[in-house]
Every structure is written in structure tokens, then in C-alpha cells.
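Chemist: First the structure, which I've put down as C-alpha cells, then a few questions once you've had a look.
Protein chains: 4
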Amino acid sequence: MNKNRLEAFSDGVMAIIITIMVLELKVPHGTELKDIQPLVPTFFAYVLSFIYVGIYWNNHHHLFQSVSHVNGAILWANLFLLFCLSLLPFATGWMGENHLDELPVFLYGLVLFMACIAWWILVEIIIREKSNSKTAEKLKCDPKIRESAAIYLVATIVALFFPIVSCVIYALVALLWFIPDKRMEKAVKEVSGEEE
Amino acid sequence: MNKNRLEAFSDGVMAIIITIMVLELKVPHGTELKDIQPLVPTFFAYVLSFIYVGIYWNNHHHLFQSVSHVNGAILWANLFLLFCLSLLPFATGWMGENHLDELPVFLYGLVLFMACIAWWILVEIIIREKSNSKTAEKLKCDPKIRESAAIYLVATIVALFFPIVSCVIYALVALLWFIPDKRMEKAVKEVSGEEE
Amino acid sequence: MNKNRLEAFSDGVMAIIITIMVLELKVPHGTELKDIQPLVPTFFAYVLSFIYVGIYWNNHHHLFQSVSHVNGAILWANLFLLFCLSLLPFATGWMGENHLDELPVFLYGLVLFMACIAWWILVEIIIREKSNSKTAEKLKCDPKIRESAAIYLVATIVALFFPIVSCVIYALVALLWFIPDKRMEKAVKEVSGEEE
Amino acid sequence: MNKNRLEAFSDGVMAIIITIMVLELKVPHGTELKDIQPLVPTFFAYVLSFIYVGIYWNNHHHLFQSVSHVNGAILWANLFLLFCLSLLPFATGWMGENHLDELPVFLYGLVLFMACIAWWILVEIIIREKSNSKTAEKLKCDPKIRESAAIYLVATIVALFFPIVSCVIYALVALLWFIPDKRMEKAVKEVSGEEE
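Here it is, written out as C-alpha cells:
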């Protein structure tokens with residue numbers, strides 16, 4: 002089975018998720034600075050979610066370069082990931098509109114946690130298929146996913162008491178994922194170099 | 002005529018359908034648990050619809066692997082399927098917002114029934130084109146489509162009296178379609194194996 | 002210059018246009034038949050617009066099969082067509098919500114007229130590039146575009162007095178375009194047959 | 002790393018941005034000419050933004066033809082550009098709904114300025130990668146980006162006093178970018194001609 006359509010569909014869904022989030026930035030009726038001020042937290046929530054979807058798209062891009070064939074399990078694990086990501090616009094909008102209140106920040110963390118788990122499942126399934134054992138091994142060694150899942154879990158509990166702290170944690174985990182791109186890039190490069 | 006653009010267009014439409022459904026999860030104004038509670042049925046309606054679009058996308062993916070050329074009849078049958086699926090966000094939103102009342106559940110079933118019929122027509126047209134007779138034969142034997150159409154019809158009538166029962170039926174049919182993916186996958190694999 | 006991205010972008014825009022039109026079908030608050038009745042004209046307007054976008058996508062698909070290279074003129078003519086089509090959701094929503102009143106039906110016709118002119122310009126530019134002179138000749142002979150443009154113009158004027166009549170005309174022109182697909186399909190087939 | 006998915010994802014995001022802007026044209030409830038009149042500035046804002054996204058898509062198309070490999074830096078510079086463009090629908094809606102008031106026109110200019118800077122960064126990164134040194138050189142000589150950035154900055158300040166003047170400036174810069182397409186087209190053609 003061909004992976005092109007899975008990639009195209011995932012690209013489509015992620016492109017739409019990233020773009021409809023901006024619809025939560027509701028156009029205000031007034032034209033003063035004070036009319037646009039309530040949108041500031043929504044804007045920062047949007048920036049954070051944009052970065053997260055960017056990271057997932059980026060990693061998805063890398064991950065599927067090591068995949069040659071797609072089966073039913075990969076298709077559904079991928080759909081589960083897209084489902085989790087599709088809840089981001091709602092969580093982003095709720096968090097932004099309520100100026101980082103406890104419950105919305107908790108829910109936002111929960112969605113990030115679920116997306117992380119979905120990503121974990123997808124990676125594990127792809128490793129099990131062993132379509133490319135060397136990349137699989139490299140992926141396996143990467144403790145980033147498990148660490149992130151644990152951090153998200155902690156952050157969601159923290160959110161019930163100090164939501165601002167959780168927001169900082171979410172942003173820091175984004176940084177953690179932003180940097181290791183290069184590590185994986187190198188891993189993929191090494192593997193394809195060895196294969197050539 | 003080339004099938005790539007038909008696949009790309011269908012992927013696009015299905016990706017958008019799956020994503021705009023989440024817009025029906027309207028961001029609540031409060032931040033208490035009770036503010037988010039009315040969204041629970043909408044959330045479950047969303048999950049069900051997401052799975053249905055996932056199933057259709059998955060089967061669409063499989064079906065068009067057995068198609069080499071696309072003609073006007075296939076194009077329009079495909080557009081009719083996309084039309085039926087495009088009504089899902091509306092039906093999902095209405096069903097979710099009204100806590101599974103009779104008429105919305107009836108309409109949801111009607112949309113599923115229409116989508117099933119549209120799928121049936123598409124499969125029949127592709128079989129008639131006999132672009133790949135072996136897959137066509139396998140597809141023909143599959144009684145799943147006719148069974149589902151009949152079940153949807155019964156479920157829509159049941160919806161007028163016991164909407165909850167219909168919702169359970171819709172979920173069960175989704176399961177029925179979720180599993181046979183492997184059957185068809187196998188069929189396609191056999192065929193391509195024989196051709197090699 | 003490569004035509005793949007132009008096709009992909011056009012597919013994307015048309016897929017989104019076709020899908021966001023369904024957002025005009027606003028989820029009603031009640032669950033009675035009478036709550037859904039006001040949506041009936043919007044539904045029919047949606048069906049008509051869906052068919053129109055389907056026709057344009059279909060013809061776009063055919064037209065660009067005869068194009069090998071894309072230049073700035075084609076890119077911008079294509080963007081102008083997409084712009085005209087992007088006004089369809091607005092025109093559809095306004096017409097549907099106001100039960101086929103004079104001005105909305107007039108505007109809907111105006112959008113169809115503009116899209117038709119945009120299509121004409123695109124076809125003319127592609128003919129002038131003479132990338133495939135035989136298909137170009139066939140396209141040139143096709144009087145359908147000029148006829149449709151004239152009919153739309155008449156229908157928009159009629160709309161100011163008898164909007165229902167205009168709606169029937171819009172539907173009939175859709176039929177006129179629905180059928181000649183085969184004519185053009187044949188033309189393209191002949192051309193590619195001669196070239197092989 | 003392959004550039005196809007980056008192109009597909011960018012096409013998707015730009016296609017959605019261009020299309021959701023039309024959602025800011027809210028369907029009016031009345032059917033008189035006076036009901037549609039308040040939408041006129043929104044319509045012109047939409048036209049301007051459509052042209053801008055068209056220009057960016059067009060240039061993106063050209064730019065990536067000179068790119069053979071994509072790395073992390075290019076991916077993120079591209080995402081930053083898409084982020085800036087994703088703010089256009091909001092800025093367009095705010096500007097249109099408030100009949101070209103000072104602050105909305107200022108914000109619109111700011112978004113254009115940011116998108117221009119993001120484009121600049123993307124071009125610089127691609128030049129630095131020197132994947133195709135001749136195109137890179139040609140790109141480098143092009144003073145258009147720096148000029149535009151400066152003009153936008155001036156226009157945003159002007160907007161606080163004479164917003165109409167700024168709107169005219171934004172439209173003129175669009176023209177400036179609309180024309181040089183041919184210059185770059187020629188550059189790319191020359192380069193590919195020399196390479197053949």
C-alpha cells in the first residue's frame with residue numbers, strides 16, 4: 002500500500018487545523034487598542050498551538066521518510082493522532098478566551114498528552130513493522146516521547162493550581178521537541194547514507 | 002484520464018470535512034466543568050463521525066488502488082459520495098447539540114444511509130469498468146455494503162422511537178466496517194500478488 | 002514551470018470552497034421538522050453550488066491535461082477563476098437564507114457570470130500558448146462558454162423580476178455543462194490518441 | 002529531505018487562508034442593496050488579501066523550484082511565513098468591518114510587514130544553502146524585498162493618521178510584486194537554460 006495518500010491526507014488535516022485555529026481570533030467590533038487587548042492571550046495560545054502542529058507536521062514528515070509501506074494499523078494510528086490534534090483548536094480557543102484559567106489549561110495539557118500518546122503509538126507500530134530497522138532502532142532509543150508524556154501529565158495536574166506554570170511547561174516541552182529535530186534528521190541521514 | 006487529481010481532491014474534501022466538524026464544538030464562555038458538560042454529546046457525535054470519515058477515506062484509498070483509469074461516471078459518483086459526506090458535519094452538529102433527540106438522530110442515519118448508497122454506486126461503477134476484474138470480483142462478493150444500507154434504514158426508523166438505540170447501531174456498523182478493512186486489504190494484496 | 006502545484010493548489014481551494022458552503026447550513030436549535038424547514042432553500046442552493054464547483058473542478062481537470070507548461074498569465078487567470086468561485090459560498094448563503102429573493106438571486110447569477118468569464122479567459126490564454134494545438138482547436142470550437150455567459154447575463158436581469166425563473170435557468174446551464182464533459186473527454190482522447 | 006511535502010503543506014495552508022477570508026463576508030439578513038453596502042470595504046479588503054496570498058503562493062512556487070533539498074531551517078522559516086500569512090484573515094476582517102479605521106489598517110500593514118520579513122528570512126536561508134548558486138545570486142540582487150519592508154513600515158505609521166493613504170500604498174506594493182514575477186521567471190529560466 003502506498004504512503005503518498007496517507008501523507009497527503011495528513012498534510013491536509015494538519016494544514017486545516019493550523020489555519021482554523023486562527024478563526025478563534027474573533028474580529029472585535031471596536032477599533033481601539035482596548036478592543037484588541039482581550040485577544041492577547043488567545044493570540045499567544047494560537048502561537049503555541051501553531052508551533053505544536055508545526056512540530057508534529059515536521060516529525061511526521063521525518064517519520065514517514067523511514068516508512069516504505071503502510072498498513073491498516075499505521076493508517077488508524079495516524080488517524081488517531083490527527084483526531085487528537087483536531088481537538089487543539091477547541092482547547093486553544095477555550096484557553097485563550099478565558100485568560101489561562103485552571104480548567105482550560107488542564108484540558109489543553111490533556112490534549113497535548115493525548116497527542117503525545119498517539120504519536121508514541123504510531124512510532125511503536127512503525128518500529129514493530131520494522132520496515133527500516135536502523136531508523137527504528139534510533140527512534141527506539143529516543144526517550145523524548147516518554148519524557149514528554151510524563152511532563153504533560155504533571156503539567157495538567159499543576160494546571161489545576163498554577164495554570165501559568167503549566168503554560169510555561171507546555172512552551173518548554175515545545176522547545177525540547179523543536180531542538181531534537183536535528184538529532185533525528187542526523188539519524189535518518191546516517192541510515193540513508195549507510196544504505197546507499 | 003489520471004486518477005491522481007481525483008484522489009487529491011477527495012483527500013482534500015475529506016480532510017476538511019473531518020476538521021470542520023470540530024468547529025461544532027463551540028468554545029464555552031465559562032470555565033467550570035458544568036460549562037463543558039453540554040458539549041459531551043457533541044464530542045461523542047464528533048468521535049463517531051470522525052471514525053466514519055476515517056473509514057470512508059480508508060476504503061476510498063483501497064478502492065482506488067484497484068482503479069487505473071478514471072472516467073466521467075467515476076468522477077461524478079465520487080463527487081456524489083463527497084456530497085453525502087459533506088452533510089455529516091451538519092448532521093453531527095444537530096445531533097450533538099440536541100442531546101440525541103429523535104429527528105436529529107434520524108437525519109444523521111439518513112446521511113449515513115445516503116453515503117452508503119453513494120459508496121455502493123461508486124463501487125458498482127468501478128466494477129462495471131472492469132479495470133481490474135479480480136479485485137472487482139472480490140468487491141462484488143462483499144455483502145457488507147448491502148447489509149449496512151439495510152441496517153441504516155432500520156436504524157433511521159428506530160431513531161424516531163428510541164434514538165439511543167440507533168446511535169448504538171451506528172457505532173456497531175462503524176465497527177463492522179472497521180474490521181473488514183483487513184479482508185479487502187488481503188484481497189487487494191492477493192490480486193497484486195497474482196499480477197506480479 | 003511545473004503544473005503540478007497549480008493543480009494541487011486549485012484542488013485545495015475548490016475542495017475548501019465546496020466544503021465551507023455546508024457551513025451556511027446553520028445547525029438549528031430546535032429539533033422539530035419546522036426548525037429545519039427554513040433550511041430547505043439553503044440546502045437546494047448548496048446542492049446547486051456543489052454541482053457548479055464539481056463541474057468547474059471536472060473541467061479544470063480536463064483542461065490542464067492539455068497543458069504541459071504553466072506561465073505567469075495562466076497562474077493569474079487561474080487565480081482569478083478561484084477568486085470568482087470563492088464568492089460562491091457567500092452568494093449561496095445569501096440566496097438560501099432569503100428564500101430566493103430578487104437581489105440575492107441576482108448576485109448569485111453575477112458570481113456565476115464572473116466565474117464563466119474567468120473560465121473563458123483561462124481557456125483563451127491556454128489556447129494562445131498553443132501548448133497543444135489540437136486540443137486548443139477543439140476547445141476553440143466549443144461555443145458553450147460564450148452561450149453560458151450570455152444566458153447568465155439574461156438570468157441575472159430576469160432575477161430582478163422573477164428570481165425563481167433565474168434559479169431554474171442556473172440549474173439548466175449546470176445541466177448543459179454536465180453533459181458536454183463527454184464531448185471534451187472525447188476530444189482529449191482523440192488528441193492523445195493521435196499523438197501516441 | 003524531500004521538498005514535495007513542504008510544497009503540498011504550504012499549498013494547503015495558503016489555499017485555506019485564501020478561502021476562509023471569504024467567511025469574513027458575513028451573509029447579511031436583509032435583501033436590499035443597503036444590507037449589502039456595509040460589506041463593500043470588507044470585499045475590497047478581501048480582494049487585496051486574495052491578491053497578496055496569490056503573490057506569495059506564486060513566488061513560493063518560483064522560489065522552491067530553485068530548491069532541491071529541504072532542511073530544518075527552511076522548514077521552520079517556511080512555517081513562520083505561513084504563520085504570518087495566517088494572520089491575514091483576521092487583519093482583513095478587522096480592517097473591512099471597521100471601514101478602514103486607523104488601528105485596523107495599522108495592524109494590516111504590520112501583518113504585511115511581518116510576512117515580508119518572513120519571506121526575506123526564507124529567501125536568505127535558501128540563498129545560504131546555495132543549493133543553486135545562480136538563482137541565489139539573482140535572488141540576492143533583487144532589492145524588492147528590502148524596499149517593500151521599508152514601504153510597509155512607513156505605511157503602518159501613515160495608517161495612524163491617514164489610513165486611506167496606507168491602503169493605497171498596500172495596493173501599490175502588491176502591484177510592485179505582481180510585475181516582477183516575470184523578472185524572476187526569466188532568471189529561473191536563464192539558470193535552468195544554462196544548466197541544461
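Chains as they are written, first to last, in the working numbering: chain E, 2 to 197; chain U, 2 to 197; chain B, 2 to 197; chain G, 2 to 197.
We put the CB at the ideal spot given by N, CA and C, even for glycine.
1) Would you kindly work out how many angstroms separate the C-alpha atoms of S67(B) and N60(B), rounded to a whole number?
2) Which residues in the same chain have their Cβ closer than 8 Å to the Cβ of E197(E), if we skip the five residues on either side of it in sequence?
3) Which of helix, strand or coil does DSSP assign to F163(U)?
4) Does the beta-carbon of R6(G) have 16 or more other beta-carbons within 10 angstroms, so that it is buried, or is it exposed?
5) Whose CA, out of L83(B), L80(B), A151(B), I19(B), lies closest to the CA of A46(B)?
6) Under 6 Å Cβ to Cβ from Q38(B), same chain only, skipping five residues before and after it: list those, please.
7) Report yes if the CB atom of G55(U) is closer than 8 Å to the CB atom of L80(E), and no otherwise.
8) Given a limit of 8 Å on CB to CB distance, which residues of the segment 87-103 of chain U reach chain B?
9) Under three-state DSSP, which class holds G94(G)?
10) Around the Cβ of E98(E), are there at least 16 other Cβ atoms within 10 angstroms (buried) or fewer (exposed)?
11) What do you reckon, are the CB atoms on P90(G) and M22(G) nearer than 8 Å?
12) At which residue ranges does the segment 15-62 of chain G contain complete alpha helix (DSSP H) runs of 4 or more residues, listed in the order of the chain?
13) N59(E) touches chain G at which residues, Cβ-Cβ below 9 Å?
14) Of the choices K4(G), E33(G), L82(G), C117(G), whose alpha-carbon is the least far from that of L161(B)?
15) Verify whether the separation of the beta carbon atoms of V28(G) and E103(B) is less than 8 Å.
16) Which same chain residues, not among the five before or five after F179(E), have their C-beta less than 8 Å away from its C-beta?
17) What residue does the alpha helix (DSSP H) around G104(G) start on, and which one ends it?
18) Between the Cα of L88(B) and those of H100(B), L111(B), T43(B), spot the shortest distance and give me the residue it belongs to.
19) Using only the alpha-carbon positions, how far apart do H100(E) and T43(E) sit?
20) Is DSSP giving K4(U) helix, strand or coil here?
21) Along the segment 18-39 of chain B, what residues have a CB closer than 9 Å to any CB found in chain U?
22) Any beta-carbon of chain G closer than 8 Å to the one on P42(B)?
23) Using a Cβ-Cβ distance under 8 Å, would F51(U) count as near chain E?
24) With 8 Å set as the bound, which would you pick, yes or no: does the beta-carbon of H62(B) sit closer than that to a beta-carbon of chain U?
25) Counting only beta-carbon separations shorter than 8 Å, does R6(U) have a partner in chain B?
26) Any C-beta of chain E sitting closer than 8 Å to the C-beta of A116(U)?
27) Report all residues from its chain with a CB closer than 8 Å to the CB of A150(B); omit the five preceding and five following residues, and keep chain order.
28) Given that G13(G) touches chain B, what residues does it touch there, using C-beta distances under 7 Å?
29) Interface residues of chain E around G55(U) at Cβ under 7 Å?
30) For a cutoff of 8 Å on Cβ pairs, would you count A175(E) as touching chain G?
31) Is L123(G) closer than 8 Å to K145(G) when the C-beta atoms are compared?
32) Does L152(B) pass the burial test, meaning 16 or more other C-beta atoms within 10 Å, or should it be called exposed?
33) When the cut-off is 8 Å and only beta carbons count, does A151(E) lie next to chain G?
34) Kindly say whether F10(U), judged by its beta-carbon, lies nearer than 8 Å to any beta-carbon of chain E.
35) Going by CA-CA distance only, name the one from H62(G), L108(G), V41(G) that's closest to N3(B).
Modeler: Well, looking at it:
1) 11 Å
2) Legend: pLDDT at E197(E) = 40, less than 50; position of this residue unreliable, value from coordinates given subsequently. Within the same chain, E197(E) has no close Cβ partners at all.
3) coil
4) buried
5) I19(B)
6) none
7) yes
8) S87, L88, P90, F91, G94, W95, E98, N99, D102, E103
9) helix
10) buried
11) yes
12) 34-37
13) G73, L76, W77, L80
14) E33(G)
15) no
16) I52, I56
17) The amino acid at residue 104(G) is misidentified as Gly; the sequence shows Leu. Where L104(G) is concerned, the enclosing alpha helix (DSSP H) stretches over 103-130.
18) L111(B)
19) 8 Å
20) coil
21) I19, T20, I21, M22, V23, L24, L26, K27, V28, P29, H30, G31, T32, E33, L34, D36, I37
22) no
23) yes
24) yes
25) yes
26) no
27) F114, C117, I118, W121
28) G13
29) L80
30) no
31) no
32) Here the sequence assigns Ile to residue 152(B), which means Leu is not the residue at that position. I152(B) is buried by the Cβ-count criterion.
33) no
34) no
35) H62(G)
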